[in-house]
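The numbers in our numbering rise by one with no breaks, and the one at position 21 of the sequence shown is 25.
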Amino acid sequence: MPSFAEAQADNAFWVLPDNYTPTFVVVGGTSGIGEGIAQALGRHTKGNVHLLIVGRHTHEFVECDLSSIANVKRVCASLVQRFPRINLLVMTAGAVDLGSNTTSEGLEKASAIVYYARWALVDGLLPSLLAAKDAGEDTRVFSVLNAGMGKPIDFDDLGLKKKSAEAKSLGTLIETGSAMATYMDYMVMSYGKRYPNIPFAHASPGAVSTPLWGRSPSLSLRITGLFIKVMFFTRAKSITQCGEHQVYALRHIPAGASWTSPEGDDFGRDRVCGGDDEAERLWAHTVEVVGAIHA
Ligand SMILES: NC(=O)c1ccc[n+]([C@@H]2O[C@H](COP(=O)([O-])OP(=O)(O)OC[C@H]3O[C@@H](n4cnc5c(N)ncnc54)[C@H](OP(=O)(O)O)[C@@H]3O)[C@@H](O)[C@H]2O)c1
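In structure tokens form, the structure reads like this:
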């Protein structure tokens, strides 16, 4: 388990290829965990990469509201056209709220942002990810949520509309979050199975001091966030520490599916609940849902 200093020192030895300029895409890089990762990527590559930040607010970024899968598909199509080869896709975007909000596409909003959008991002950017791999370049996909911390999912409530509607307190919100963690575990498992030459990881960041709770539309979650901040004051990582550990993790993941700890270790699939059959059922559902939404 690398300490912050060890992760930082290891990242400092990152040797970039000298025969191409890698393209990195960070979805959620405008705040918190994604911002910490984007900063660490920038630091350790010394600007020798195309670093694209995908989010809602732009300066030099690629604008995209991830709660709309049609938007995600349009952005992917444009990125694939502009960048025929993409070497790294990092996804961290997410938000916390209570109750169920349904998007105009009929999805539960938090699941749309955290799960369906990420699935659609990988799917939409696959042509450029595969082209990079085929050209012999380094290629990886890294999704940060809560690896290996999930609970069994309810196949009668795929998309979490029922569960989210019941989420009126922190306790039920944690339940929804656990289900989502399993969705993400299955997502990397299924992509890893289909594209075994590319590393697909689900990472657990642990507690990180970010604006996540303070930005929630729910007043009670904003207040809860203050308590969480006090409780985890000494234990939470800063976004800089988190960024170093996550960059360490993404640099070391092997081809296929993997699951990584807050420090960046690969802990294997033992903590993933359920197996291939469940992952395939979720995959079939997702193909249908995302496929029905047109750009
Ligand atoms: N912080 C922790 O301790 C912790 C621990 C475990 C897991 N997580 C999970 O990690 C994820 C990120 O958390 P964080 O702490 O980094 O939160 P954060 O600081 O609030 O950052 C959230 C990121 O998601 C983006 N985002 C949210 N809704 C979006 C939308 N509709 N379209 C496009 N981008 C959107 C935000 O972009 P804008 O700037 O445009 O709003 C921002 O870049 C969350 O799912 C959270 O549950 C966090």
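C-beta: ideal position from N, C-alpha, C; glycine also.
Remember, predicted model here, so these are calculated numbers, not experimental data.
**Q.** Y187 to E112 span [Cα, whole Å]
**A.** Here the question's residue 187 lines up with position 183 in the sequence shown. Here the question's residue 112 lines up with position 108 in the sequence shown. Their backbone Cα atoms lie some 14 Å apart in a straight line.
Q. Does DSSP put W123 in a helix, in a strand, or in coil?
A. Taking the first residue of the sequence shown as position 1, residue 123 is located at position 119. Secondary structure of W123 (DSSP, three-state): helix.
Q) For ligand 1, is there a heavy atom less than 7 Å away from the beta-carbon of I117? A) Position 113 of the sequence shown, counted from the first residue, corresponds to residue 117. Yes.
Q. Say the cut is 7 Å; is the CB of T107 nearer than that to a heavy atom of ligand 1?
A. Here residue 107 is taken as the residue at index 103 of the sequence shown, counted from 1. T107: no, Cβ never under 7 Å from ligand 1.
Q.
Just to confirm before moving on: does the CB-CB distance between I73 and E39 stay below 8 Å?
A. Counting from one through the sequence shown, the residue named residue 73 turns up at place 69. Counting from one through the sequence shown, the residue named residue 39 turns up at place 35. In this structure, E39 does not lie closer than 8 Å to I73 by Cβ.
Q: Could you tell me which residues DSSP puts in a beta bridge with R86?
A: Residue mapping note: residue 86 aligns to position 82 of the sequence shown, counting from 1. Answer is none; R86 lacks a bridge partner.
Q: Label T238 either buried or exposed according to how many other C-beta atoms from any shown protein chain fall within 10 Å of its C-beta, with 16 as the threshold for buried.
A: Position 234 of the sequence shown, counted from the start, is the residue given in the question as residue 238. That one is exposed.
Q: Report the residue ranges of all beta strand (DSSP E) runs contained in full by the region 19-48; include only those spanning at least 3 residues, in chain order.
A: 27-31
Q: Check the C-beta distance from V294 over to W123 and give it rounded, since I have them as a contact under 8 Å.
A: For this step, residue 294 is matched to residue 290 along the sequence shown. For this step, residue 123 is matched to residue 119 along the sequence shown. Their Cβ separation, rounded to whole angstroms, is 6 Å, which keeps V294 and W123 in contact under 8 Å.
Q. How would you call A121, buried or exposed, if buried means at least 16 neighbouring beta carbons within 10 angstroms?
A. Translated into positions along the sequence shown, residue 121 becomes position 117. Buried, since its Cβ has 16 or more Cβ neighbours within 10 Å.
Q: Kindly indicate the opening and closing residues of the alpha helix (DSSP H) around I178.
A: Indexing the sequence shown from 1 puts residue 178 at position 174. If you look at I178, you'll find it in the alpha helix (DSSP H) that goes L174 to R198.
Q | The alpha helix (DSSP H) enclosing R285, as first and last residue numbers | A | The residue given as residue 285 occupies position 281 in the sequence shown. R285 -> alpha helix (DSSP H) spans D280 to G295.
Q. CB-CB under 8 Å to T62, same chain, minus the five flanking residues each way: which ones, in chain order?
A. Numbered from 1 along the sequence shown, position 58 holds the residue referred to as residue 62. Only weak support is given to the placement of T62: the predicted model assigns it a pLDDT of 48, under 50, and the value that follows is read from those uncertain coordinates. Cβ neighbours of T62 beyond the five flanking positions: none.
Q. For ligand 1, is there a heavy atom less than 7 Å away from the beta-carbon of S35?
A. Taking the first residue of the sequence shown as 1, we reach residue 35 at position 31. Yes, the beta carbon of S35 sits closer than 7 Å to at least one heavy atom of ligand 1.
Q. So, are the CB atoms of R60 and E67 less than 8 Å apart?
A. If you number the sequence shown from 1, residue 60 lands on position 56. If you number the sequence shown from 1, residue 67 lands on position 63. Cβ atoms of R60 and E67: closer than 8 Å.
Q | Extent of the continuous beta strand (DSSP E) to which V58 belongs | A | Your numbering for residue 58 matches position 54 in the sequence shown. It spans H54 to G59 - the beta strand (DSSP E) in which V58 sits, taken as one unbroken run.
Q: Please name the residue in V251, G278 and D281 whose C-alpha comes closest to that of T96.
A: Counting from 1 along the sequence shown, the entry for residue 96 is found at position 92. Of the listed residues, the one whose Cα sits closest to T96 is V251.
Q. Can you round the beta-carbon distance between V58 and T27 to whole angstroms, since I take them to be within the 8 Å contact cut?
A. For this step, residue 58 is matched to residue 54 along the sequence shown. For this step, residue 27 is matched to residue 23 along the sequence shown. Rounded, the Cβ-Cβ distance is 12 Å, inconsistent with contact.
Q | Within 8 Å, strictly: CB atoms of V148 and A207 | A | Reading the sequence shown from its first residue, position 144 is the one you call residue 148. Reading the sequence shown from its first residue, position 203 is the one you call residue 207. A207 is positioned such that its CB atom lies closer than 8 Å to that of V148.
Q: Report back the beta-carbon spacing between A44 and G247 to the nearest angstrom; my notes put them in contact at under 8 Å.
A: For this step, residue 44 is matched to residue 40 along the sequence shown. For this step, residue 247 is matched to residue 243 along the sequence shown. Yes, A44 and G247 are in contact; Cβ-Cβ is about 4 Å, under 8 Å.
Q) Excluding five sequence neighbours on each side, which residues of the same chain lie with their C-beta closer than 6 Å to the C-beta of L133? A) Numbered from its first residue, the sequence shown carries residue 133 at position 129. For L133, where only same-chain residues beyond five positions count, the Cβ hits under 6 Å are I90 and T143.
(Q) The beta strand (DSSP E) that contains S262, what's its start and end? (A) As a working note, residue 262 is residue 258 in the sequence shown. G260 to T264 is the span of the beta strand (DSSP E), which, as asked, contains S262.
(Q) What ranges does the beta strand (DSSP E) occupy inside the region 195-261, keeping only unbroken runs of at least 3 residues that lie completely in it? (A) 203-207
Q) Where does R78 sit, in a helix, a strand or coil, going by DSSP? A) The count along the sequence shown starts at 1 and reaches residue 78 at position 74. Helix.
Q: Could you round the C-beta distance between A299 and Y190 to whole angstroms and report it? I think they count as a contact, below 8 Å.
A: Start at 1 with the first residue of the sequence shown, and residue 299 comes out as number 295. Start at 1 with the first residue of the sequence shown, and residue 190 comes out as number 186. Rounded, the Cβ-Cβ distance is 25 Å, inconsistent with contact.
(Q) Across the region 208-224 and the region 96-106, are there enough close Cβ pairs to call them in contact, namely three or more that are closer than 8 Å? (A) Between the region 208-224 and the region 96-106, the count of Cβ pairs shorter than 8 Å is three or higher; the stretches touch.
**Q.** Own chain partners of V76 with C-beta closer than 7 Å, once the 5 adjacent residues on each side are dropped
**A.** Taking the sequence shown and counting its residues from 1, one reaches residue 76 at position 72. Here the set comprises C68, L70, A121, A124, L125 and G128.
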